[in-house]
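For the sequence shown, position 16 matches number 67 in this note's numbering, and the numbering has no gaps at all. Beta carbons: idealized from backbone N, C-alpha and C, even for Gly.
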Amino acid sequence: MLSNLLFYILFFFYLNAAKLLKIYKKHKLLVQKSLNSWLFQKD
52 MLSNLLFYIL FFFYLNAAKL LKIYKKHKLL VQKSLNSWLF QKD
């Protein structure tokens, strides 16, 4: 039962990761720009 639970958790994590990856690929430039500006603000 515990291994089943672990499997489901990993499965949901994988689905969310795939979704996030799609979003990241779509907004890659936007993400890079915001990351760069955030890094510059940090310094």
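What residues in its chain sit with their C-beta under 8 Å from that of residue i, if we drop five residues either side in the sequence?
| i | result |
| --- | --- |
| Tyr87 | At residue 87 the sequence reads Asn, which differs from the Tyr that was named. So no residue of the chain qualifies. |
| Phe58 | none |
| Ile60 | none |
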